Amino acid sequence: MALLLGDIVPDFMADTTTGPISFHDWIGDDWAFFFSHPADFTPVCTTEMGRTAQLADQFAARGVKPIGLSTDSVEEHLIWIEDVNDTQNITVRFPIVADPDSQIAKLYEMIHPGESQTAAVRSVFIIDPEKKLRLTMTYPMSVGRNFDEILRAIDALQTGDAKGVALPADWRPGDRAIIPPSVSNADAKAKFPQGFEEICPYLRIVDINVT
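Here our numbering is used: the first residue of the sequence shown is 1019, the next is one more, and so on.
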């Protein structure tokens, strides 16, 4: 059964490089960036693990916990982390889930037979504090993730939640936002006293950085 946006993500118990976890309890009141890798000791994965560690402060500032997964053991993960730390000039501190039997990868549909029968593709799951799936991305094994886009998407989700707005193409923090069509003009005037621009009846732009 497909995991759809808005669903409560499956909980699981697992061993990780920082100890055993219950996934929902581990998320707690934070957001989670749950991302999978085909295997340890692979070049693209090594750069992605390093980049996630390099962005630790960026994730923390957004209240987001990174957690990785590959279909290998904790012992293999820990040896691999030494390579990541050495080659990427960083220290990996976030947990990496051990999934040698691929049960979690299958639960989250990370195994795509057209790519591999055993290795997880590069899946991304952005999960909110209510344990709801808010965004997914899937990359092939040969293409590393765009971490600028991952952070931008998290910013957009959190801004939309906080401000009650939608975000346009290529939106970045500081840009203007869109008033959802479900909000009437009368309600929009009350909600956004700074005013808004009506480009057409269903496209209304507001500067959410002005109060």
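Positions of the beta carbon are idealized from the N, C-alpha and C atoms, including for glycine. All figures in this text were calculated on a predicted structure; none of them were measured in a lab.
request  = Examine the Cβ distances between the segment 1119-1132 and the segment 1025-1039 and report whether three or more of them are shorter than 8 Å.
outcome  = yes
ask   = Does DSSP put residue 1082 in a helix, a strand or coil?
value = Counting from 1 along the sequence shown, the entry for residue 1082 is found at position 64. Residue 1082: strand per DSSP, three-state reduction.
inquiry  = Relative to the C-alpha of residue 1171, which candidate in 1051, 1042, 1198 has its C-alpha closest?
reply    = Indexing the sequence shown from 1 puts residue 1171 at position 153. Out of 1051, 1042, 1198, 1051 has the C-alpha closest to the C-alpha of residue 1171.
ask   = Quick check: the segment 1059-1074 against the segment 1103-1122, are there 3 or more CB pairs under 8 Å?
value = yes
query = Hey, quick one: how far does the beta strand (DSSP E) through residue 1223 stretch, first residue to last?
reply = What you label residue 1223 is simply residue 205 of the sequence shown in a count that begins at 1. From DSSP, the beta strand (DSSP E) with residue 1223 extends over 1221-1224.
ask   = Is it the case that the Cβ atoms of residue 1196 and residue 1211 are separated by a distance below 8 Å?
value = On the sequence shown, position 178 is the one that residue 1196 refers to. On the sequence shown, position 193 is the one that residue 1211 refers to. No. Outside cutoff.
ask   = Any idea if residue 960 is buried or exposed, counting beta-carbon neighbours within 10 angstroms, 16 or more meaning buried?
value = Look at the range of the chain in this structure, 1019 to 1229, and you will see that residue 960 is not part of it.
request  = Determine the DSSP secondary structure at residue 1092, reduced to helix, strand or coil.
outcome  = The count along the sequence shown starts at 1 and reaches residue 1092 at position 74. Reduced to three states, the DSSP call for residue 1092 is helix.
Reference residue 1035; option with closest CA among 1070, 1094, 1047, 1226 = Along the sequence shown, one-based indexing puts residue 1035 at 17. Residue 1094 is the option with its Cα nearest to residue 1035.
Alpha-carbon spacing of residue 1089 relative to residue 1119, whole angstroms = Numbered from its first residue, the sequence shown carries residue 1089 at position 71. Numbered from its first residue, the sequence shown carries residue 1119 at position 101. Between residue 1089 and residue 1119, the C-alpha separation is close to 7 Å.
request  = May I ask which residues mark the beginning and end of the beta strand (DSSP E) holding residue 1055?
outcome  = On the sequence shown, position 37 is the one that residue 1055 refers to. Run containing residue 1055: 1049-1055, per the beta strand (DSSP E) assignment.
message = Can you list, in chain order, the residues of its chain with a C-beta nearer than 6 Å to that of residue 1115? Leave out the 5 residues immediately preceding and following it.
response = Position 97 of the sequence shown, counted from the first residue, corresponds to residue 1115. If we look at residue 1115 and ignore the five residues flanking it on each side, its Cβ neighbours are 1032, 1034, 1087.
ask   = Do residue 1192 and residue 1164 have their CB atoms nearer than 8 Å?
value = Here residue 1192 refers to the residue found at position 174 of the sequence shown. Here residue 1164 refers to the residue found at position 146 of the sequence shown. Contact: no.
ask   = Taking buried to mean at least 16 other C-beta atoms within 10 Å of its own C-beta, is residue 1053 buried or exposed?
value = Position 35 of the sequence shown, counting from 1, holds the residue named residue 1053. Residue 1053 is buried by the Cβ-count criterion.
request  = Classify residue 1070 as helix, strand or coil using the three-state DSSP reduction.
outcome  = As a working mapping, residue 1070 is identified with position 52 in the sequence shown. Helix.
request  = Give a yes or no on whether the C-beta atoms belonging to residue 1072 and residue 1169 are separated by under 8 Å.
outcome  = Here residue 1072 refers to the residue found at position 54 when the sequence shown is read from its first residue. Here residue 1169 refers to the residue found at position 151 when the sequence shown is read from its first residue. Not a contact, by the Cβ cut-off of 8 Å.
ask   = Just checking my contact of residue 1045 with residue 1149 at CB under 8 Å: how many whole Å lie between their CB atoms?
value = The residue labelled residue 1045 in the question sits at position 27 within the sequence shown. The residue labelled residue 1149 in the question sits at position 131 within the sequence shown. That belief holds up - the Cβ atoms of residue 1045 and residue 1149 are roughly 6 Å apart, short of 8 Å.
request  = Evaluate residue 1145 with the Cβ neighbour count: other Cβ atoms within 10 Å of its Cβ, from every protein chain shown; 16 or more gives buried, anything less gives exposed.
outcome  = Indexing the sequence shown from 1 puts residue 1145 at position 127. With 16 or more Cβ atoms within 10 Å of its Cβ, residue 1145 is classed as buried.
query = What's the gap between the Cα of residue 1154 and the Cα of residue 1143?
reply = Here residue 1154 corresponds to residue number 136 of the sequence shown, with the count starting at 1. Here residue 1143 corresponds to residue number 125 of the sequence shown, with the count starting at 1. When rounded, the distance between both Cα atoms is 5 Å.
query = With C-beta atoms as the reference, is residue 1206 less than 8 Å away from residue 1222?
reply = In the sequence shown, residue 1206 corresponds to position 188, counting from 1. In the sequence shown, residue 1222 corresponds to position 204, counting from 1. Cβ atoms of residue 1206 and residue 1222: closer than 8 Å.
message = Just to confirm, is the Cβ distance from residue 1049 to residue 1069 under 8 Å?
response = What you label residue 1049 is simply residue 31 of the sequence shown in a count that begins at 1. What you label residue 1069 is simply residue 51 of the sequence shown in a count that begins at 1. In this structure, residue 1069 does not lie closer than 8 Å to residue 1049 by Cβ.
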